[in-house]
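Protein chains in written order, with UniProt numbering: chain A, 1 to 314; chain B, 1 to 314. We put the CB at the ideal spot given by N, CA and C, even for glycine. What follows is one structure encoded as structure tokens, with my remarks underneath.
Number of protein chains: 2
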Amino acid sequence: MADKSCKLLEGKKASDFVASMDTFIFDCDGVLWNEGGPLNGAVEVLQELRKLGKRIFFVTNNSSKSRAAYLKKFEKFGIEASEEEIYCTSYAVAYYLKEILKFDKKVFTIGTTGMVEELDALNIPHTGSGPDQSSGGYNMQEWTSFTLDPEVGAVVCGFDEHFSFHKLIKAASYLAKESCLFIATNCDDRFPFSSNDIVVPGTGCLVISVETAARRKAEVMGKPERVIFDCMNSRHTIDPSKTCMIGDRLDTDILFGNNCGLKSVLVLTGISSLADVKNLETSGKADDENSIPDFLYAQYRSTTITIEIYKQGV
Amino acid sequence: MADKSCKLLEGKKASDFVASMDTFIFDCDGVLWNEGGPLNGAVEVLQELRKLGKRIFFVTNNSSKSRAAYLKKFEKFGIEASEEEIYCTSYAVAYYLKEILKFDKKVFTIGTTGMVEELDALNIPHTGSGPDQSSGGYNMQEWTSFTLDPEVGAVVCGFDEHFSFHKLIKAASYLAKESCLFIATNCDDRFPFSSNDIVVPGTGCLVISVETAARRKAEVMGKPERVIFDCMNSRHTIDPSKTCMIGDRLDTDILFGNNCGLKSVLVLTGISSLADVKNLETSGKADDENSIPDFLYAQYRSTTITIEIYKQGV
């Protein structure tokens, strides 16, 4: 039986909790918005927290957009945000390479235009996005005559709607050199919604394919790994004990918060349910304990969730 | 410490062994040929075994070719073989669906022309090979308006040089229905050779991507799974105690032989080495014991390997 249990956040406990925090990190999909648009109350919650002088960050595993593209989404939904507050994994990759690893070679990219925009913004040379431009055709002889670019010193794997066997060959071949860095944005297996019986695979499906071919594991930027927190911390001074992670997924958001020593709050408007929390609490597995949130806000009305925590806290 | 150990096949032991077997199953790549052409002695070994009245089969995990295309490769290399002796995984998929499962719906194919030739040969309807023909473009809205074919009752994943994100979306979406069968040809992570520093990823890299998106495991036809042996056995009567598997890979060929209750012989012209055998023998892990070959032929000259076993055996 795990020692840790998830407590309901209500009444004075909620207001004391908000008062004791100086920084709030929000996941986006399933917390601020879903496929139907912004969630009820999201705008107001953020406004209230800003009035209280709290610092806000947005951390998303989504690697398909740049911060600039995310900012447009925030604007569209009427949510106040600045580019500096947004940590999407495309930006995290660029920041991590440039500022943490001091990387000075070229990146072989499996990624979208959002990814290459972030690499461009930090002047990191890369092989581009879009369909693979190999002249090589579709047989073994042509593949084994591919020429590798000697400037490439890292393979970055993010979401890529133009993922192909040619890209897979090249990634695995660059990664055969031990010195070549291998960085993935995130390992989410699916996008968090489906429609018309269509499942939309996530970046994790591409990462695991490259890992299998390369016989190596990627260093992962996204939640639940703590790299993105280290990036944030290197630009801003963050006191983990006064920082709260708010998310809808136990295995990414909450585990991330706990991995980084933050307080964690689960909201029930997205993927994980109260039953999922109970399963973790009673599993008896030590590993599961780290995905149990500190707090749960369960008394939500319709899709209004986070607002209730903070209204009580005001 | 494992109880089982690998014995060197030599002298009278070798001739007694060959005499006690009536059927020999050969892996192909690394056993009969490699990227440089046929291995020295392969033709003669097979001729000697045929003269002795032994039955021969060829079992390969390669799913890119049909039996007809394989036969041309045998002919090119001057190796006697017939289509009925060849069990490639593209054929195994078709045979397994039609003859074992009595499948009567349509297959969504991730595969080559070789795969669809085998499906055609058994009159199994399928969605074809080559680049995905969706009119849908490269954004979420278009993906979620993909139309699924209600006739599809199985997803087959083999090697596919035109693997794409669109195919991945469709495979995962079909597999969201529990009743949809999920069959993979093999899980090899790479083709067994590289050239010019190029790594050519194998079918396993595609299978694991689909499995991740579908949150399901595929039923795998290829070695080391025993399905292909069951297919062979349903067409021919095979006595496992008188059947010998000859291969160059411990984790596929030898494990397959042992999983099917066959005798197993490792040759050293391909992937696995004597050191690999010793590692298994001393690992102390029960799981490893099943990949230890019964026999090893180590006293080979240049690339001539299998011939020596059987010349002694004659």
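Practice task
Quick one: measure Cβ to Cβ for Cys260 of chain A and Phe229 of chain A, integer angstroms, because I've assumed they're closer than 8 Å.
Solution key: Working through the first sequence from its first residue, we reach residue 260 of chain A at position 260. Working through the first sequence from its first residue, we reach residue 229 of chain A at position 229. The Cβ separation is near 4 Å, so the contact holds.
Handout entry: DSSP state of Tyr138 of chain B mapped onto helix, strand, coil
Key = Indexing the second sequence from 1 puts residue 138 of chain B at position 138. Reduced to three states, the DSSP call for Tyr138 of chain B is coil.
Handout entry: Cα-Cα separation, Val116 of chain A to Val207 of chain A
Key = Residue mapping note: residue 116 of chain A aligns to position 116 of the first sequence, counting from 1. Residue mapping note: residue 207 of chain A aligns to position 207 of the first sequence, counting from 1. Computed Cα separation, rounded: 17 Å.
Exercise for the section: Note down, in chain order, every chain A residue with its Cβ under 9 Å from the Cβ of Pro150 of chain B. Expected result: To locate residue 150 of chain B, count along the second sequence from 1; it is residue 150. Ordered by position in chain A, no residue passes the 9 Å Cβ test against Pro150 of chain B, which lies about 10 Å from the chain.
Exercise for the section: Within its chain, find whatever has a CB closer than 6 Å to the CB of Phe182 of chain A; leave out the 5 residues flanking it on each side and keep chain order. Expected result: In the first sequence, the residue the question calls residue 182 of chain A occupies position 182. The residues are Val155, Leu175, Arg216, Ala218.
Exercise for the section: Show which residues of chain B have a CB atom less than 9 Å away from the CB atom of Phe163 of chain A. Expected result: Stepping through the first sequence from its first residue, residue 163 of chain A is reached at position 163. Ordered by position in chain B, the residues that pass the 9 Å Cβ test against Phe163 of chain A are Phe163, Ser164, Phe165, Leu168, Ser209.
Problem - Close beta carbons around Pro38 of chain B, own chain, < 6 Å, minus the five adjacent residues each side - result: Reading the second sequence from its first residue, position 38 is the one you call residue 38 of chain B. Only Phe77 meet the Cβ criterion.
Handout entry: the segment 57 to 67 of chain B / the segment 20 to 38 of chain B touching (three or more Cβ pairs under 8 Å)
Key = yes
Problem - Three CB pairs or more closer than 8 Å across the segment 70 to 88 of chain A and the segment 121 to 133 of chain A - result: no
Problem - Assigned exposure category for Ile254 of chain A - 16 Cβ within 10 Å defines buried - result: As a first step, residue 254 of chain A is located in the first sequence; it is residue number 254 there, counting from the start. The residue is buried, with at least 16 neighbouring Cβ atoms inside 10 Å.
Problem - Proximal residues to Asp288 of chain A (C-beta, below 6 Å), its chain only, five neighbours per side dropped - result: Locating residue 288 of chain A in the first sequence gives position 288, where the first residue counts as 1. Excluding residues within five positions, the ones whose Cβ falls inside 6 Å are Leu280.
Practice task
Compare the C-beta of Val156 of chain A against all C-beta atoms of chain B and say whether one is closer than 8 Å.
Solution key: Walking along the first sequence from the start, residue 156 of chain A turns up at place 156. Cβ-Cβ to chain B under 8 Å: no for Val156 of chain A.
Problem - Where Lys13 of chain B sits in the DSSP three-state scheme - result: Walking along the second sequence from the start, residue 13 of chain B turns up at place 13. Lys13 of chain B: helix per DSSP, three-state reduction.
Exercise for the section: Please report the residue range of the alpha helix (DSSP H) in which Cys231 of chain B lies. Expected result: Numbered from 1 along the second sequence, position 231 holds the residue referred to as residue 231 of chain B. Looking at the DSSP string, the run of the alpha helix (DSSP H) that includes Cys231 of chain B is 227 to 235.
Handout entry: Interface partners of Val45 of chain B on chain A, CB under 9 Å
Key = On the second sequence, residue 45 of chain B is found 45 positions in, with the first residue counted as 1. None at all; the shortest Cβ gap to chain A is about 26 Å.
Exercise for the section: Step through the CB atoms of chain B and report whether any lies within less than 8 Å of the CB of Ile198 of chain A. Expected result: Here residue 198 of chain A refers to the residue found at position 198 of the first sequence. Yes, contact with chain B.
Exercise for the section: Measure the Cβ-Cβ separation of Val210 of chain A and Leu168 of chain A and say whether it is below 8 Å. Expected result: Walking along the first sequence from the start, residue 210 of chain A turns up at place 210. Walking along the first sequence from the start, residue 168 of chain A turns up at place 168. Result yes, Cβ atoms of Val210 of chain A and Leu168 of chain A sit closer than 8 Å.
Problem - Lys106 of chain A - partner residues in DSSP beta bridges - result: Along the first sequence, read from residue 1 onward, the residue named residue 106 of chain A stands at position 106. Looking at the DSSP assignment, Lys106 of chain A forms a beta bridge with A:Val152.
Practice task
Say whether chain A places a C-beta atom closer than 8 Å to the C-beta of Gly270 of chain B.
Solution key: Position 270 of the second sequence, counting from 1, holds the residue named residue 270 of chain B. Judged by the 8 Å Cβ criterion, Gly270 of chain B is not in contact with chain A.
Exercise for the section: State the start and end residues of the unbroken beta strand (DSSP E) segment that holds Cys180 of chain A. Expected result: As a first step, residue 180 of chain A is located in the first sequence; it is residue number 180 there, counting from the start. Cys180 of chain A -> no beta strand (DSSP E), and no H or E assigned at all.
Exercise for the section: Determine the chain B residues that contact Gly204 of chain A at a beta-carbon separation under 8 Å, and present them in chain order. Expected result: Your numbering for residue 204 of chain A matches position 204 in the first sequence. Those are Thr212, listed as they occur along chain B.
Problem - Alpha-carbon spacing of Leu97 of chain B relative to Glu80 of chain B, whole angstroms - result: Taking the first residue of the second sequence as position 1, residue 97 of chain B is located at position 97. Taking the first residue of the second sequence as position 1, residue 80 of chain B is located at position 80. Roughly 29 Å between the two C-alpha positions.
Exercise for the section: Identify the continuous alpha helix (DSSP H) that holds Ile208 of chain A and give its terminal residues. Expected result: Locating residue 208 of chain A in the first sequence gives position 208, where the first residue counts as 1. Taken as a continuous stretch (DSSP letters only), the alpha helix (DSSP H) holding Ile208 of chain A covers 203 to 214.
Handout entry: Where the segment 176 to 190 of chain B meets chain A: residues whose CB sits under 7 Å from a CB there
Key = Ala176, Asp189, Arg190
Handout entry: Alpha-carbon spacing of Ala171 of chain B relative to Gly202 of chain B, whole angstroms
Key = Here residue 171 of chain B refers to the residue found at position 171 when the second sequence is read from its first residue. Here residue 202 of chain B refers to the residue found at position 202 when the second sequence is read from its first residue. Distance between the alpha carbons of Ala171 of chain B and Gly202 of chain B: 18 Å.
Exercise for the section: Using a Cβ cut-off of 8 Å (strictly closer), state whether Thr109 of chain A contacts chain B. Expected result: Residue 109 of chain A sits at position 109 when you count from the first residue of the first sequence. Judged by the 8 Å Cβ criterion, Thr109 of chain A is not in contact with chain B.
Practice task
Check whether the Cβ of Thr127 of chain A lies closer than 8 Å to any Cβ atom in chain B.
Solution key: If you number the first sequence from 1, residue 127 of chain A lands on position 127. Output row for Thr127 of chain A: interface = no.
Handout entry: First and last residue of the uninterrupted alpha helix (DSSP H) at Ile169 of chain A
Key = Stepping through the first sequence from its first residue, residue 169 of chain A is reached at position 169. Looking at the DSSP string, the run of the alpha helix (DSSP H) that includes Ile169 of chain A is 165 to 175.
Problem - Leu262 of chain A and Thr243 of chain A closer than 8 Å at C-beta - result: Position 262 of the first sequence, counted from the start, is the residue given in the question as residue 262 of chain A. Position 243 of the first sequence, counted from the start, is the residue given in the question as residue 243 of chain A. Against a cut-off of 8 Å, the Cβ pair of Thr243 of chain A and Leu262 of chain A comes out as a contact.
Practice task
Find out if the Cβ-Cβ distance for the pair Leu30 of chain B, Thr269 of chain B is shorter than 8 Å.
Solution key: Position 30 of the second sequence holds residue 30 of chain B. Position 269 of the second sequence holds residue 269 of chain B. Position check: residue 30 of chain B holds Gly in this sequence, whereas Leu was assumed. Yes.
Practice task
Answer yes or no: do Gly257 of chain A and Thr89 of chain A have a C-beta to C-beta separation smaller than 8 Å?
Solution key: The residue labelled residue 257 of chain A in the question sits at position 257 within the first sequence. The residue labelled residue 89 of chain A in the question sits at position 89 within the first sequence. No.
Problem - Glu84 of chain A versus Phe191 of chain B - alpha carbon distance - result: Within the first sequence, residue 84 of chain A is the residue found at index 84, counting from 1. Within the second sequence, residue 191 of chain B is the residue found at index 191, counting from 1. One C-alpha to the other measures close to 45 Å.
Problem - Span separating the alpha-carbon of Glu10 of chain B from that of Cys231 of chain B - result: Within the second sequence, the letter at position 10 stands for residue 10 of chain B. Within the second sequence, the letter at position 231 stands for residue 231 of chain B. Taking the straight line joining both Cα atoms gives about 33 Å.
Exercise for the section: Identify whether Ile100 of chain A lies in helix, strand or coil by the three-state DSSP scheme. Expected result: Numbered from 1 along the first sequence, position 100 holds the residue referred to as residue 100 of chain A. Helix.
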